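In this note's numbering, the protein residues as written are 307 to 525.
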């Protein structure tokens, strides 16, 4: 006799629960199975500035959703449903739960092609596209002076970020500044840190394109 399948009629009911650090191992399994590059440390960082829910079948994490509250704006992220559980409306349940967390804030998310139809049904509208490029970056000389800075005032950086993004990401800026390397130019900044299979440069906050290019080249 083989073990019962998770899809068997007698399988435990799927419930939603608040996302806690105890669920990170299960969440990491889901993101790896989905082909996402996130490490345990990346999940921990996102959870530290977010609230969220997990879908549980017994003790197993079979779905995740996070909502990061940034002042009057909230971003929804890490929406993952176990491949075995898809087609059951679980993605909608997770989304509805984090929409409640977001409340009356302006809600933003970056959708995968698979998730876009659901998000559009929930009232989201596409405002642009994100193009992802991966590989070994070629060295480039910055057009403007850029310095590697230690001990910067995170509140000053957060104010610059808020002016650019419209979001109060003070806690996030402080967290990634602590974990990464701060690059400063006269008219902007960027933060370089470990992420996934390599490193990520972001946010890049600049008052003009020339400064943005210099920060990216320095990174």
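Ideal placement from N, C-alpha and C gives every residue a C-beta, glycine not left out.
This structure is a prediction, so every number in the text was calculated from the model and none was measured.
Residue i versus residue j - alpha carbon distance
{"i": "residue 354", "j": "residue 327", "result": "9 Å"}
{"i": "residue 460", "j": "residue 334", "result": "29 Å"}
{"i": "residue 373", "j": "residue 408", "result": "7 Å"}
{"i": "residue 390", "j": "residue 439", "result": "29 Å"}
{"i": "residue 453", "j": "residue 521", "result": "9 Å"}
{"i": "residue 512", "j": "residue 471", "result": "11 Å"}
{"i": "residue 319", "j": "residue 395", "result": "14 Å"}
{"i": "residue 392", "j": "residue 455", "result": "46 Å"}
{"i": "residue 509", "j": "residue 364", "result": "38 Å"}
{"i": "residue 342", "j": "residue 441", "result": "16 Å"}
{"i": "residue 375", "j": "residue 444", "result": "36 Å"}
{"i": "residue 525", "j": "residue 433", "result": "28 Å"}
{"i": "residue 402", "j": "residue 414", "result": "14 Å"}
Close-in-space but distant-in-sequence residues of the same chain around residue i (CB under 7 Å, 5 per side omitted)
{"i": "residue 321", "result": "362"}
{"i": "residue 514", "result": "493"}
{"i": "residue 479", "result": "460, 463, 464, 467"}
{"i": "residue 293", "result": "No statement about residue 293 is possible, as the shown extent of the chain runs from 307 to 525 and does not include it."}
{"i": "residue 505", "result": "498, 499"}
{"i": "residue 519", "result": "449"}
Sequence-distant residues of its chain with Cβ nearer than 6 Å to residue i (five each side left out)
{"i": "residue 477", "result": "355"}
{"i": "residue 446", "result": "523"}
{"i": "residue 315", "result": "With a pLDDT of only 49 at residue 315, under the threshold of 50, the placement of this residue in the model should not be trusted, and no figure is reported."}
Candidates the options: closest to residue i by CA position
{"i": "residue 378", "options": "468, 347, 445", "result": "468"}
{"i": "residue 448", "options": "381, 491, 427, 480", "result": "491"}
{"i": "residue 366", "options": "325, 487, 398, 373", "result": "325"}
{"i": "residue 359", "options": "405, 395, 394, 346", "result": "405"}
{"i": "residue 368", "options": "337, 350, 349, 345", "result": "337"}
{"i": "residue 412", "options": "462, 509, 429", "result": "429"}
{"i": "residue 388", "options": "382, 371, 347", "result": "371"}
{"i": "residue 340", "options": "433, 421, 434", "result": "421"}
{"i": "residue 398", "options": "414, 423, 381", "result": "423"}
{"i": "residue 475", "options": "381, 419, 331", "result": "381"}
Residue i beta carbon near the ligand SAH (any heavy atom closer than 7 Å)
{"i": "residue 430", "result": "Of ligands this structure carries none, so the ligand SAH is not represented either."}
Cβ shell of residue i (< 8 Å), same chain only, five flanking positions each side left out
{"i": "residue 517", "result": "450, 491, 492, 493, 494"}
{"i": "residue 400", "result": "322, 359, 361, 369, 370, 371, 385, 387"}
{"i": "residue 436", "result": "416"}
{"i": "residue 487", "result": "454, 497, 498, 499"}
{"i": "residue 483", "result": "458, 460, 463, 497"}
Beta-bridge pairing of residue i - partner residues as DSSP gives them
{"i": "residue 453", "result": "490"}
{"i": "residue 463", "result": "Partner(s): none; residue 463 has no beta bridge."}
{"i": "residue 374", "result": "381"}
{"i": "residue 522", "result": "According to DSSP, which records beta bridges pairwise, residue 522 is partnered with nothing at all."}
{"i": "residue 363", "result": "320, 366"}
Closer than 8 Å to chain B by CB, residue i
{"i": "residue 445", "result": "Given the protein chain composition of this structure (a single chain), no chain B is represented."}
Quick one: which unbroken alpha helix (DSSP H) runs of 4-plus residues sit fully inside the stretch 465-495? Chain order, please.
-> Qualifying alpha helix (DSSP H) stretches, in chain order: 476-485.
Enumerated in chain order, which unbroken segments of the alpha helix (DSSP H) with a length of 4 residues or greater are wholly contained in the stretch 385-421?
-> Every alpha helix (DSSP H) of 4 residues or more that sits fully in the stretch 385-421 is shown, in chain order, as 396-408.
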